[in-house]
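To keep things clear, I will list the structure first and then write my remarks on it.
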Amino acid sequence: MVEVKKSEYWHDMAKKGEIDSEITTKLSELYTQYQNLSPSSIFQENTAIFLESFEQELNDSIQDILHAFPELSKKEAQLQRKFTFKMIQQILITTHIQKALCEITFPAFPILKFIEAFSGLIGEAQFRITENNIIVNIMDPSRICLIQLKLSDKSFKFYQEDIVAFNLDDFKKICYCQAGDKSTTKLIFGKEHLFISIHSEKYNSQIDRTLDAIDLTIEEPPLDTLLNIEYLVKYS
Numbered sequence: 016m017v018e019v020k021k022s023e024y025w026h027d028m029a030k031k032g033e034i035d036s037e038i039t040t041k042l043s044e045l046y047t048q049y050q051n052l053s054p055s056s057i058f059q060e061n062t063a064i065f066l067e068s069f070e071q072e073l074n075d076s077i078q079d080i081l082h083a084f085p086e087l088s089k090k091e092a093q094l095q096r097k098f099t100f101k102m103i104q105q106i107l108i109t110t111h112i113q114k115a116l117c118e119i120t121f122p123a124f125p126i127l128k129f130i131e132a133f134s135g136l137i138g139e140a141q142f143r144i145t146e147n148n149i150i151v152n153i154m155d156p157s158r159i160c161l162i163q164l165k166l167s168d169k170s171f172k173f174y175q176e177d178i179v180a181f182n183l184d185d186f187k188k189i190c191y192c193q194a195g196d197k198s199t200t201k202l203i204f205g206k207e208h209l210f211i212s213i214h215s216e217k218y219n220s221q222i223d224r225t226l227d228a229i230d231l232t233i234e235e236p237p238l239d240t241l242l243n244i245e246y247l248v249k250y251s
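Take any residue in the sequence shown, note its place counting from 1, add 15, and you have its number in this note's numbering.
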């Protein structure tokens, strides 16, 4: 016999969904407010540890938001407060300490083979961070081969536009992993560094690595013009 839920049940579920949505909106507004603060007003000097005054302010602000929703049980409010605090803490570390431009996550071994494939073509490359993806234009030293790469995934999180460059051999080394690990690689592109976290499902472990950005000034290839050139013979 299939039990049919009463209308009150569905009404309560809908109400809970509305409350969750409203809480999420208010907490997002809180994060936006803190995002514009300078690192020195958030973190202790040369650390990723909150100032005591800021930590207290953040906890109080989260608590004030949750108090406006008496429908939440005490346990729900406690869990929401802890989750929100950790989420905002991690985002502020990413944007203010790591100076992140974007972050993206891929299966570890395929991204390693991907980097290996074009590291043999050129030693260094620029990565242009845009709102929708990461664009890499690569031209070999003899200017014969031109490749445009666009890296995108549903995991892509955009923070700000910029261009950053890395040595591809070093990039390949810090992406190293085993094919059978069933790992994922999280890439955080910062203004000064690339932060990589490789999580292995097989060993339930995580390896964190960092790669310094390099100063690389290269001529932007006129890609739109080159792509519009018509040739007498084409192969596809």
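Just so you know, even glycine gets a beta-carbon here, dropped at the ideal spot from N, CA and C.
Where DSSP assigns a beta bridge to M102, which residues make up the other side? Position 87 of the sequence shown, counted from the first residue, corresponds to residue 102. M102 is not bridged to any residue.
Please classify L209 as buried or exposed, where buried requires at least 16 other C-beta atoms within 10 Å of its C-beta. The residue you call residue 209 lines up with position 194 of the sequence shown. Buried, since its Cβ has 16 or more Cβ neighbours within 10 Å.
Here's the rule I'm using: 16 or more other beta-carbon atoms within 10 Å means buried, otherwise exposed. How should C160 be labelled? What you label residue 160 is simply residue 145 of the sequence shown in a count that begins at 1. The residue in question, C160, is exposed, as its Cβ has fewer than 16 Cβ neighbours within 10 Å.
Find out if the Cβ-Cβ distance for the pair G205, Q113 is shorter than 7 Å. Here residue 205 is taken as the residue at index 190 of the sequence shown, counted from 1. Here residue 113 is taken as the residue at index 98 of the sequence shown, counted from 1. In this structure, Q113 lies closer than 7 Å to G205 by Cβ.
Can you tell me whether I244 is helix, strand or coil according to DSSP? Here the question's residue 244 lines up with position 229 in the sequence shown. The answer is coil: DSSP assigns I244 none of H, G, I, E or B.
Just checking, does the segment 128 to 136 make contact with the segment 171 to 180 on the three C-beta pairs under 8 Å criterion? no
Around the C-beta of E118, are 16 or more other C-beta atoms found within 10 angstroms, so that it is buried, or is it exposed? Position 103 of the sequence shown, counted from the first residue, corresponds to residue 118. Taking a 10 Å sphere around the C-beta of E118, we find 16 or more other C-beta atoms and assign the residue as buried.
Using only the alpha-carbon positions, how far apart do E72 and D196 sit? Within the sequence shown, residue 72 is the residue found at index 57, counting from 1. Within the sequence shown, residue 196 is the residue found at index 181, counting from 1. If you take the alpha carbons of E72 and D196, they lie about 42 Å apart.
Under 8 Å: do the segment 54 to 61 and the segment 78 to 87 share three or more Cβ pairs, one atom per stretch? no
Rounded Cβ spacing between Y46 and I144 (contact assumed at less than 8 Å): Looking up residue 46 in the sequence shown gives position 31. Looking up residue 144 in the sequence shown gives position 129. Contact between Y46 and I144 is absent: CB atoms are separated by about 20 Å, not below the 8 Å threshold.
Would DSSP call S122 helix, strand or coil? Residue numbering aside, residue 122 sits at position 107 when the sequence shown is read from its first letter. Looking at the sequence provided, one finds Pro at residue 122 rather than Ser. It is a strand residue.
Can you have a look at I198 and say buried or exposed, based on whether 16 or more other CB atoms are within 10 angstroms of its CB? Translated into positions along the sequence shown, residue 198 becomes position 183. Sequence check: residue 198 is Ser here, not Ile. Looking at its Cβ environment, which holds 16 or more other Cβ atoms inside 10 Å, S198 is buried.
Please name the residue, chosen from A123, Q104 and M102, that lies closest to I211 on a Cα-to-Cα basis. Within the sequence shown, the letter at position 196 stands for residue 211. The option with the nearest alpha carbon to I211 is A123.
Per-residue burial, L52 [other beta carbons within 10 Å of its own, 16 or more giving buried]: Residue numbering aside, residue 52 sits at position 37 when the sequence shown is read from its first letter. Flag for L52 reads exposed.
7 Å Cβ cutoff met for I130 and C190: For the purposes of this step, residue 130 is taken as the residue at position 115 of the sequence shown. For the purposes of this step, residue 190 is taken as the residue at position 175 of the sequence shown. Yes, the Cβ-Cβ distance between I130 and C190 is below 7 Å.
Coil, strand or helix - A180 by DSSP: The sequence position of residue 180 within the sequence shown is 165, counting from 1. Of the three classes helix, strand and coil, the one that applies to A180 here is strand, per DSSP.
Going by DSSP in three states, F69 sits in which element: helix, strand or coil? Residue numbering aside, residue 69 sits at position 54 when the sequence shown is read from its first letter. Helix.
Is the separation between the beta-carbon of T99 and that of I77 shorter than 7 Å? Locating residue 99 in the sequence shown gives position 84, counting from the first residue. Locating residue 77 in the sequence shown gives position 62, counting from the first residue. The criterion of a C-beta distance shorter than 7 Å is satisfied by T99 and I77.
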